[in-house]
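Q: There's a structure below that I have some questions on.
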Amino acid sequence: MDNCIFCKIVEKQIPATILYEDDELMAFNDINPAAPVHFLIIPKKHLSSLADAKAEDAVLLGKMLELAPKLAAQQGCAYIEHADGSKSGGFKTVVNTGPNGGQIVYHLHMHVIGGAKL
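Quick note on numbering: full-length UniProt numbering labels position 28 of the sequence shown as 28, and the sequence is numbered without any gaps.
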């Protein structure tokens, strides 16, 4: 997509603070963070929204979900279950879809948000 800002980040045409990159995914800090930790995980393949994902995208979507807790932990937002049964830390994941879902950039992306209690 010629005008997609996230495609331009994938192509390194626009700078971003990249936290992770492999052949299929990229993660980078949100430029307008809603919390102390706020980054995005995107597929390099352009999908306009979660509604456009097909069955063949299931593995890619799973990789996005699997990556979220790993990167959240690296950013200081690990979810921890303590030996005494108490829990601490954690993060929120959000995928906005369509105008009523709050989607602004039409390239599938998952927000990972953490830090102070949300």
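Quick reminder that beta carbons are idealized off the backbone N, C-alpha and C, glycines included.
Source: prediction; values computed, not measured.
Only counting the same chain, and skipping five residues up and downstream in sequence, which positions put a Cβ closer than 8 Å to that of residue 4?
A: Closer than 8 Å at Cβ, skipping near neighbours: 46, 105, 106 and 107.
Q: Looking at the structure shown, is residue 87 part of a helix, part of a strand, or coil, going by DSSP?
A: Reduced to three states, the DSSP call for residue 87 is strand.
Q: Does DSSP put residue 53 in a helix, in a strand, or in coil?
A: Looking at residue 53 - three-state DSSP - the assignment turns out to be coil, as it is neither helix nor strand.
Q: From which residue to which residue does the beta strand (DSSP E) around residue 114 run?
A: 110-114 is the extent of the beta strand (DSSP E) around residue 114.
Q: Decide yes or no for the touch test of the region 7-22 against the region 79-93: beta carbon pairs closer than 8 Å, at least 3 of them.
A: Result no; under three Cβ-Cβ pairs closer than 8 Å.
Q: Excluding sequence positions up to five away, which residues of its chain have a Cβ less than 8 Å from the Cβ of residue 69?
A: Within the same chain, residue 69 has close Cβ partners 78, 79 and 91.
Q: Could you tell me whether the region 29-42 touches the region 51-59, where touching means 3 or more Cβ pairs closer than 8 Å?
A: At 8 Å Cβ cutoff, the stretches do not touch.
Q: Using CA coordinates, which residue listed in 50, 48 and 9 is at the minimum distance from residue 31?
A: Taking only the C-alpha atoms, the option nearest residue 31 is 9.
Q: Cα separation between residue 43 and residue 12?
A: Rounded to whole angstroms, residue 43 to residue 12 spans 14 Å at the Cα level.
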